Structure formats: structure tokens, C-alpha cells
Amino acid sequence: MRKLSCCFFCLLFLVGAVNAAQISLEVVGQGMPKYPIAISPLKNTGAAADPGRISTGIADSIVYDLDLSGWFRVLDRAAYIEDPQKSGDTLGGFDFKDWSTIGAVGLVKGRFAVQGDDLTVELRLFDVAQSKELIGKRYVAKARDFRRIAHKFADEIINQFTGTPGVFNTRIAYVSTSGGRFKEIHIAHLDGTERFQVTNNRTINLFPSWTSDGKSVIYTSYKDRSPGLYHFELFTGKEVKWSSANGRYIGGQASPDGQYVVATLEIAGNSNLYLLDANGKAIRQLTSDPGIEVSPAWSPDGRQIVYVSDRGGSPKLYILDIAGGKSRRLSYSGSYNTAPAWSPKGDRIAYTGRVGRRFAIFTISPDGGNARQLTSESYDSEDPAWAPDGRFIAFASNRVGRYHLYVMQAGGENQRRLTGSGGDDTKPSWSPRLD
Amino acid sequence: MVHFKMACYMVIGLIMLAAGCAPSAAKKTDTAASDSAGSTPKASTSPSPGEGKRDTARESTTDRSSLGQLQEGKSSETTGPLKDILYDYDSHSLRADAREILRANADWLKGNQAARVEIEGHCDERGTNEYNLALGAKRAQAAKDFLATLGIGADRLSTISYGEEIPVCKEASETCWQRNRRARFVVLPGRPAS
Numbered sequence: 113m114r115k116l117s118c119c120f121f122c123l124l125f126l127v128g129a130v131n132a133a134q135i136s137l138e139v140v141g142q143g144m145p146k147y148p149i150a151i152s153p154l155k156n157t158g159a160a161a162d163p164g165r166i167s168t169g170i171a172d173s174i175v176y177d178l179d180l181s182g183w184f185r186v187l188d189r190a191a192y193i194e195d196p197q198k199s200g201d202t203l204g205g206f207d208f209k210d211w212s213t214i215g216a217v218g219l220v221k222g223r224f225a226v227q228g229d230d231l232t233v234e235l236r237l238f239d240v241a242q243s244k245e246l247i248g249k250r251y252v253a254k255a256r257d258f259r260r261i262a263h264k265f266a267d268e269i270i271n272q273f274t275g276t277p278g279v280f281n282t283r284i285a286y287v288s289t290s291g292g293r294f295k296e297i298h299i300a301h302l303d304g305t306e307r308f309q310v311t312n313n314r315t316i317n318l319f320p321s322w323t324s325d326g327k328s329v330i331y332t333s334y335k336d337r338s339p340g341l342y343h344f345e346l347f348t349g350k351e352v353k354w355s356s357a358n359g360r361y362i363g364g365q366a367s368p369d370g371q372y373v374v375a376t377l378e379i380a381g382n383s384n385l386y387l388l389d390a391n392g393k394a395i396r397q398l399t400s401d402p403g404i405e406v407s408p409a410w411s412p413d414g415r416q417i418v419y420v421s422d423r424g425g426s427p428k429l430y431i432l433d434i435a436g437g438k439s440r441r442l443s444y445s446g447s448y449n450t451a452p453a454w455s456p457k458g459d460r461i462a463y464t465g466r467v468g469r470r471f472a473i474f475t476i477s478p479d480g481g482n483a484r485q486l487t488s489e490s491y492d493s494e495d496p497a498w499a500p501d502g503r504f505i506a507f508a509s510n511r512v513g514r515y516h517l518y519v520m521q522a523g524g525e526n527q528r529r530l531t532g533s534g535g536d537d538t539k540p541s542w543s544p545r546l547d
Numbered sequence: 073m074v075h076f077k078m079a080c081y082m083v084i085g086l087i088m089l090a091a092g093c094a095p096s097a098a099k100k101t102d103t104a105a106s107d108s109a110g111s112t113p114k115a116s117t118s119p120s121p122g123e124g125k126r127d128t129a130r131e132s133t134t135d136r137s138s139l140g141q142l143q144e145g146k147s148s149e150t151t152g153p154l155k156d157i158l159y160d161y162d163s164h165s166l167r168a169d170a171r172e173i174l175r176a177n178a179d180w181l182k183g184n185q186a187a188r189v190e191i192e193g194h195c196d197e198r199g200t201n202e203y204n205l206a207l208g209a210k211r212a213q214a215a216k217d218f219l220a221t222l223g224i225g226a227d228r229l230s231t232i233s234y235g236e237e238i239p240v241c242k243e244a245s246e247t248c249w250q251r252n253r254r255a256r257f258v259v260l261p262g263r264p265a266s
């Protein structure tokens, strides 16, 4: 059945307690040198062998996440001195000197045991210089969900050092051609694992957008021959088409509070923004300009919508105050600005802007000031999507040929290509934190 | 205290998860193949019985629309009696050459009174897909409105936008971009008069 098995996502139970004192914030972050950390493969303390390669699998996932954050320099496993299956994973059970000599400032160690389908994991973060344990967690899950544990612990590590949890227990929804001629909606972790195909209808599917509870994806599909808006529940497989009697919906974005959806409705060639309820029923029309009004995105407080309008001649960004109904122009520089996305922190709006013959990602303050170009105009970068913490942006770029998904920090640092579906991957949407 | 709050969240989270989880009847899930070396099952590309209806598109053997051609793996180059019209970049205005073609298309439609046409609006690949979907709709509507002024009944003309999604060529060149900035006129399969 085309749905996510509920167990696939939800049987993660957090048991353990937080140990030791929180060390000071800002140990990692923008402008700081990367924090050298070692991630040891886990010790197998169960009776069963490890054919699922959980020992290195969990470590690899943590490595991937911390590396992608751009705040950590993960030390190469080839340099590790001790054998994790022989040494201990708790204080007193191993020698911190084995880690300080290779330059580790932070260290992650752990243990796991598999019994049948079930997996128990303990993970600990240590401060090597002070020989202290900073975090200790215990997790119970299905063995096949071992990567989820890694993502949760990576988010804990980031919380420890920055005061805000990481965003690695999330998913990206995106459009992929998978090398073929159709465009389908896919969901995967940032590292490309746990991939799930939302659509498989051999047409064009576009504009995936997560709902705020992380349980559904809204997207536009041509599967009914002309474009329509669809709401798909991941765990039940239930899909509902949202139609208008008067025209066709192009793209919808769910509100942060889960109560509304803003969508573009095209009637006889005119595209305007409409406010819908969470079931796709139209509440009212938000814009009524004869030009093109498209690409809406909510402010995090749900009171404003940033969108694209060509009422000034070419596509520019405008901000609508929903209660008052008035719009003001946001972008004054650049001749073609589109695909806006409002940071969950509220402080910046990302968008795609034309520079010469190319498109680049910019961010701008909601008052219109301090526009910054984050990607190079030597190639195209488009479709910015914010992580739920407002510290990362996912986007699509053709800098190495085909379109691939990338992630960077909110200031443009550490641009990294993500593993994709093999083909052109575009239009990422970043899920809320899961669980 | 951090510890107490965390414990509370854990318990609440567990209760919510337990409440919200539908028991999964079968272990099989329709997941696509994962990159990981391991155990994730491959997706079945044919929908399972009862599920397929929900997710397949309607396909027609005489579907000459760009979407129909795409599904059959064919080019959507126009071969029928009605010619494409082309547009300038970021514009839906009808140029003089476009109006010429529209007059010729109108003549054909007047000579074939039973024919109904779907007007497709297309864009080149530059700019975002949403904006181009809306621009394609404007292009299709502009062509329809002009045909209406030439006396073609609006009930014979439907519109659809494909934005930049179904191009006839893919090179990043001005020549190819111009070919894609088009409206296409697809004669719909005939229906008995109602």
C-alpha cells in the first residue's frame, strides 16, 4: 500500500536521563572554528552478531549529520586507536588519551544490542579535555530504524553546543525525474536514506509542501490531466484532491499553525492567492490584481504572506498582511525575484533572484533591507527551503550539471550536495522535526 | 528543571505516538529502493489492486496533448492542422506573427465546426516553475481571447498551462527558449453531439 508504515516512523521511545552539566553555548556556530569530534563505532553488547551493520551505521549517520551542519570537523575513523568492541563506552571504561592524541575535543561512544526485531542503543557525548560525560541517552526502537536514533542523537549534540536542537531528525520532500521523463514527489532523509515515493502516477507532480505536523504533504499534480492540488497523508495513504469549481489550483502552502492553506488559483488566465481551510475549502480571496500572483509563503507567526507578483512589470516580492488585506513591496533590487521562503526564526526571507543570465539564492530582511546573495551566479541555484530551526537552507542547483539538492547554512556557508534520486531533483520542502 | 521537562515530553510523546499510530496490518510498505546497503524492500512499480486506481493518470490512446505525448514517450512537436504561436520572454502579448497564425487557426476552426481545441500555454525553462505555470496560463488565455474576437465560440476552446514542464527542446539557447515559449492548439478527440 502506498503509505508509510506507522511503525517505520514512530516506535522510538526516549528513556535515558541527561547527564552532567551543560557546557557553555557558542562552542560551535557561525564564525567559530570547526569543533573536532570523533564518532566511534558502537560496541555490540548483545548476543547477536551485527549483520545489519548497526555498529558503523549509527556512527556513519551521526558523522553525516554533524559534517553537514558545518560546525564540526569529524575525525577520520581510520585514525582511531582503540577497538570499540574491546574497550568500554562509559567513564572509566576507556582511555581519553586514545582520543586526545588524535586531536579529538569531543567524542561520541555507545553500545547497542539486537534481540529479534528490537534494538536498544546507548549513546554518550564526552568532553575529551575534561574527561567528562556531557550527554547520555538510551533509545529503544526497531532494528531497521537505527538511523533515526543517530539523527536524534546528532540533534542532541547540536543542542548541547548551541542551545537549539539540530534538524537532522527531519525529511526533505522534493520533485525528482529519477532520470526519466516524469516528475514524481519523493521524501528522504538528507543523506538519501529512508526514501519514500509519494507519487507514482507517470505525469508531472510539483511543489511538495509539508503540513506543520509533519504528517501530510500537499502538492500539485497533473494526474487528472490538468493541474490540481492534492493532500496526501503519509501514514494512512489517504489522498484528497482539492478542487475549485472556477479554476485550477497551482501550489499550496500549509500555515505554521496547521489551520490554513494559502494557494494560487488560476481562473481564466489570472492567478491570485486564496486562503483555504485545512481541508482545502476556500475561505476568501487574498489578492485581486490582474497580473500574476503566485508562490506564497507564510511568516512564522501566520500573520503575513510573502509572495510573487508581476504587477510592477516583472516578478517581484510583496508582503501581504492577512488581517488588513494590504500588500507592500519587499524587493526593490533585482529585476526578477521569486520563490520566497520565510525563515522559521522570522528574521530573513530567502528567495531566488536573477543575476545576469542566472538565478541565485538571496536572503533579505522582512523590512526589505540587507539583501545578501548566498550563491554564485556562475550557475543556477533556486527554490530555497528553510530548515525548521531557521539555520539552514535547502535548495536546488545545476552547478555540476543536472539539478541536485544542496544544503547550506543560513549565511551561505558550507554548501553541500545531498544524495538524490538519480536524475534532476528540485523544489525541496523541509519537514518539521519528526517524532 | 531540564530533566523533569524532558521526562514529561518523553511520556507525552509516547502517549501521543501510541494514540496516533494505526496498527500496520502488513509489513510491506510501498517504499522506493533505498541507497543503503541493506534491507529496505524495492518498490513495486505496478500499483497493488485497489490502490492503482487512486494513483494512475487517465491515459487516452488518441491524446495528442503534451501530457499525453509525454506519457507515450513521444515528442510534443505540433503536427496537426493548427500551428503554434510564439511569445517574447516573460510576456503573454500576441506579436504580429502570432496574430497571423491565430487568424489561420480561426479559419480552420470555422471550416471544422465540430472541432474543439485545448490551448496549451508553455514557457521556457528560466525562472521558477510556479511563475511559469501562471505565465503559461496567461499565454493560453491570450490566445483564446483573440480567437474569440475572431468569432470562435468560447465553448469550443479550453485552456491549460504546462509552464516549463513539457518543453520541445532542452538546450540552454535562445533558439530553444523561443521554441518553448509557445501556445499549442490540440484538437480534442471528437465527441457525439449532446
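Listed in order, the protein sequences are those of chains A and B. When the letters of the first sequence are read in order and numbered with our numbering, they come out as residues 113 to 547. When the letters of the second sequence are read in order and numbered with our numbering, they come out as residues 73 to 266. For glycine and all other residues, C-beta sits at the position ideal for the given N, C-alpha and C. This structure is a prediction, so every number in the text was calculated from the model and none was measured.
Inclusion of L139(B) and R293(A) in the CB contact set at 8 Å is not warranted, their separation being larger than that value. In this structure, A380(A) lies away from Y386(A), with their beta-carbon atoms at least 8 Å apart. With fewer than 16 other beta carbons inside 10 angstroms of its own, A435(A) counts as exposed. Beta bridge pairing from DSSP links Y192(A) with no other residue.
Within its own chain, the residues whose Cβ lies closer than 8 Å to the Cβ of K438(A), once the five positions on either side in sequence are excluded, are L432, listed in chain order. Within 8 Å of the CB of N201(B), the CB atoms of chain A belong to L318, F319, T538, K539, in sequence order along the chain. By the neighbour-count criterion, in which a residue is buried when 16 or more other Cβ atoms sit within 10 angstroms of its Cβ, M520(A) is buried.
Assigned with DSSP and collapsed to three states, I174(A) falls in helix. The beta-carbon separation of G523(A) and T289(A), rounded to 31 Å, does not stay under the 8 Å limit for a contact. For I193(A), the closest C-alpha among the options R185(A), G215(A), Y518(A) is that of G215(A).
Membership of E172(B) in the alpha helix (DSSP H) is indicated by the continuous run 168-183. The alpha-carbon of G222(A) is positioned some 14 Å away from that of D239(A). Rounded to whole angstroms, A255(B) and G193(B) show a C-alpha spacing of 5 Å. By the beta-carbon neighbour count (other beta carbons within 10 angstroms, threshold 16), V512(A) is exposed.
Non-local beta-carbon contacts of K182(B) in its own chain, meaning distances under 8 Å to residues more than five positions away in sequence, involve G223, I224 in chain order. The C-beta distance from V374(A) to Q365(A) rounds to 5 Å, short enough to meet the 8 Å contact threshold. Taking 8 Å as the threshold, the shortest C-beta distance from E237(B) to chain A falls below it.
Between Q272(A) and I247(A), the C-beta spacing is below 8 Å.
Linking V240(B) to C195(B) through their CA atoms gives a straight-line distance of about 10 Å.
Residue contact with chain B for P339(A): present (Cβ-Cβ distance below 8 Å to some residue of chain B). The beta carbon of Y491(A) sits closer than 8 Å to those of R470, S509, N510, R511, all from its chain and outside the five residues before and after it, given in chain order. Chain-order list of chain B residues neighbouring I362(A): E202, L205, A206, by C-beta distance under 7 Å. Using a Cβ distance threshold of 8 Å, R236(A) and T282(A) do not count as a contacting pair. Residues of chain A whose Cβ lies closer than 7 Å to the Cβ of D162(B) are, in chain order, S426.
In this model, A161(A) and L302(A) are separated by some 29 Å (Cα to Cα). Excluding residues up to 5 positions away in sequence, S167, P196, Q197, S199, G200, D201, K221, G222, R223, F224 lie with their Cβ nearer than 8 Å to the Cβ of K155(A) in the same chain. In terms of CA proximity to V175(A), L219(A) leads the group A499(A), D210(A), L219(A). Within the stretch 148-180 of chain B, the residues whose Cβ lies closer than 7 Å to any Cβ of chain A are, in chain order, D162. Non-local C-beta neighbours of S245(B) in its own chain, meaning closer than 8 Å and more than five positions away in sequence, are absent.
Against chain A, a Cβ distance below 9 Å from A212(B) picks out G381.
Around the beta-carbon of Q185(B), fewer than 16 other beta-carbon atoms lie within 10 Å, marking it exposed. Nearest neighbour of G532(A) by Cα position, chosen from G158(A), D257(A), Y286(A), turns out to be Y286(A). I191(B) is outside the set of residues whose beta carbon lies under 8 Å from a beta carbon in chain A. Classified as exposed, Y444(A) has fewer than 16 neighbouring CB atoms from the shown chains inside 10 Å of its CB. Non-local C-beta neighbours of R251(B) in its own chain, meaning closer than 7 Å and more than five positions away in sequence, comprise V240, C241, ordered along the chain. Among the residues facing chain A, A209(B) is included, as its CB has a counterpart in that chain under 8 Å away.
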